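Participant: Protein chains in written order, with our numbering: chain X, 6 to 241; chain V, 6 to 241. Okay, handing you the structure first.
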């Protein structure tokens, strides 16, 4: 089966967490909206009457006749099918719990540049963005990354759920990459207390399929349309 | 087995989505932090070294030796054990996807009164809260509730996943109750386009175990410490 991934074609965004899982799995997939006519097909699928259970928003994945939305839910589906979670319910739930914690961090990272409304430009909420970013950088980044650092210290394991990579590890890699892009000064300042998380980032980046993906044109570069945006005024 | 729920004792908050599921299931549980010494036990469990897989934040559920955190993950665990999801993977994923969409709405509802930082008082971010609430009330409430309204219109079913109540229905009930508490003017204005969602709210509220729960002292009243807060300045 060839999966169809539907997501905005010009950003990594939330779709990137799914792309990384598909790439690590070596799964066959089409990134539909990056092909001619694909973005319209995506919107038609969301708004049309053909799907009994329509997604609220991208990303969503078509797997045969099934349409699955919400990043964490897509990963919940893909995980056991592609060896991206430990066998058994306890491991599956643990990885999912970590993914949901990362999703909370991602939503907060987004709101640093859009604290008032997603339908306004950053330029229209600059002052509020600066205030929100200060709290995010000083309090939230250390709290979230400190949690993952502590998990790795407790378990002493290679990855968050043991010896094998899980989709939560791929997502933590992406979060680290995104935070370093958006907040280079802050991340340099926090680096000493995030050594294990940084090592995990490097370990994921060096995995053959991930390394090949990152070097390919399939990996969209970070930019100022996505979730992780580099606005120097917000870094500190 | 008797579950142990760990959550802040003075608010409904995210813990309420778990409470509603446990109540509808008729499950045996202790709301630990509402008992003497319970809040300290909760914090000790979170920060201590005894748990191999500690939660990032409440709510979390102890089920035997297992500790499960993240609201949606707890519901993912409880759902199939207590008949709160349809049988089969497709139905389970669908209900989870809806729950994650509701979780996004809940996070946005929280940020209406805390758009800058969770560690500042509302009073210190009033102006920003007013701006964020305007967008939430005018754009986000209709978008989210319109989505659920449309789902109910498409399927014509009693509940979101068919004839039987699921944990997503319980959560949608809670979201409706919360939004009506926090934004009575806005919700009255939107009421005509939310009739099916309102009917679902009433259907859930009338279920015998939920009705008994809502009338009991176990149900904490809405208040200005929780996620859904009534600040007249933010309603419109």
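Glycine is no exception: its CB is placed at the ideal position from the N, C-alpha and C atoms. Please read all numbers here as calculations on a predicted model, not as lab measurements.
(1) Spell out the partners DSSP gives residue 167 of chain V in its beta bridges.
(2) List the endpoints of the continuous beta strand (DSSP E) containing residue 9 of chain V.
(3) Check residue 48 of chain X in the structure and name its three-state DSSP category.
(4) Using 8 angstroms as the threshold, is the segment 154-167 of chain X in touch with the segment 95-106 of chain X, meaning 3 or more CB pairs across them?
(5) Specify the secondary structure class of residue 89 of chain X as computed by DSSP and reduced to three states.
(6) Which whole-angstrom value describes the C-beta separation of residue 18 of chain X and residue 161 of chain X, a residue pair presumed to lie in contact below a C-beta threshold of 8 angstroms?
(7) On the DSSP bridge assignment, give the partners of residue 66 of chain V in chain order.
(8) Determine the contact status of residue 122 of chain X and residue 140 of chain V, defining contact as a CB-CB distance below 8 angstroms.
(9) Just to confirm the assignment: which complete alpha helix (DSSP H) runs, minimum length 4, are found wholly within the segment 111-147 of chain V?
(10) Excluding sequence positions up to five away, which residues of its chain have a Cβ less than 6 angstroms from the Cβ of residue 34 of chain X?
(11) With a threshold of 8 angstroms, are at least 3 pairs of Cβ atoms found where one atom belongs to the segment 208-221 of chain V and the other to the segment 104-121 of chain V?
(12) Please list the residues of the segment 28-55 of chain V that have a C-beta atom closer than 9 angstroms to any C-beta atom in chain X, keeping them in chain order.
(13) Evaluate contact between the segment 172-180 of chain V and the segment 132-148 of chain V, counting only Cβ atoms and requiring at least three cross-stretch pairs below 8 angstroms.
(14) By how many angstroms is the C-alpha of residue 117 of chain V removed from the C-alpha of residue 120 of chain X?
(15) Looking at the C-beta of residue 73 of chain X, does it have a partner C-beta in chain V at a distance below 8 angstroms?
(16) Could you work out which residues of chain X lie near residue 86 of chain V, taking near to mean beta carbons separated by less than 9 angstroms?
(17) If you measure from the beta carbon of residue 140 of chain V to each beta carbon in chain X, is any gap under 8 angstroms?
(18) Expressed to the nearest angstrom, what Euclidean distance is found between the alpha-carbon atoms of residue 132 of chain X and residue 237 of chain X?
(19) May I ask you to list, following chain order, the residues of the segment 89-115 of chain V that have a beta carbon less than 7 angstroms from some beta carbon of chain X?
(20) List the DSSP bridge partners of residue 240 of chain X.
(21) Would you mind giving the Cβ-Cβ distance between residue 43 of chain V and residue 37 of chain V, rounded to the nearest angstrom? I have them listed as a contact below 8 angstroms.
(22) From the DSSP output, which residues share a beta bridge with residue 34 of chain V?
(23) CB-CB under 8 angstroms to residue 209 of chain V, same chain, minus the five flanking residues each way: which ones, in chain order?
(24) If you measure between the beta carbons of residue 239 of chain X and residue 134 of chain X, is that distance less than 8 angstroms?
(25) DSSP state of residue 17 of chain V, grouped into three classes?
(26) Beta carbons nearer than 7 angstroms to chain X: which residues of the segment 180-200 of chain V have them?
(27) Between residue 146 of chain X and chain V, is the shortest Cβ-Cβ distance under 8 angstroms, so that the two count as touching?
(28) Following the continuous alpha helix (DSSP H) through residue 183 of chain X, name the residue where it begins and the one where it ends.
(29) With the cut-off set at 8 angstroms, would you say residue 106 of chain X and residue 75 of chain V are in Cβ contact?
(30) Who are the Cβ neighbours of residue 23 of chain V in its own chain at under 8 angstroms, not counting the five residues just before and after it?
(31) Which word fits residue 200 of chain V, buried or exposed, when buried means at least 16 other C-beta atoms lie within 10 angstroms of its C-beta?
(32) What span of residues does the alpha helix (DSSP H) with residue 206 of chain X cover, start to end?
(33) Quick one, which of V:159, V:96, V:29, V:48 has its alpha-carbon nearest residue 243 of chain V's?
(34) Taking Cβ positions, are residue 203 of chain V and residue 193 of chain V nearer each other than 8 angstroms?
(35) Hey, would you say residue 153 of chain X sits closer than 8 angstroms to residue 183 of chain X, going by beta carbons?
Facilitator: With the given structure in hand:
(1) V:164
(2) 8-11
(3) helix
(4) yes
(5) coil
(6) Contact flag wrong, Cβ pair sits at about 33 angstroms.
(7) V:10, V:73
(8) yes
(9) 131-140
(10) 8, 10, 27
(11) no
(12) 54
(13) no
(14) 10 angstroms
(15) yes
(16) Result: empty, since nearest Cβ-Cβ is about 11 angstroms, beyond 9 angstroms.
(17) yes
(18) 13 angstroms
(19) 95, 98, 99, 101, 102, 105, 106, 112
(20) Paired residues: none, contrary to the question.
(21) 4 angstroms
(22) V:8
(23) 170, 174, 175, 177, 178, 215
(24) yes
(25) coil
(26) none
(27) no
(28) 172-187
(29) yes
(30) 10, 12, 64, 66, 76, 79, 80, 83
(31) exposed
(32) 200-210
(33) Nothing in the structure corresponds to residue 243 of chain V, since chain V is present only between 6 and 241.
(34) no
(35) no
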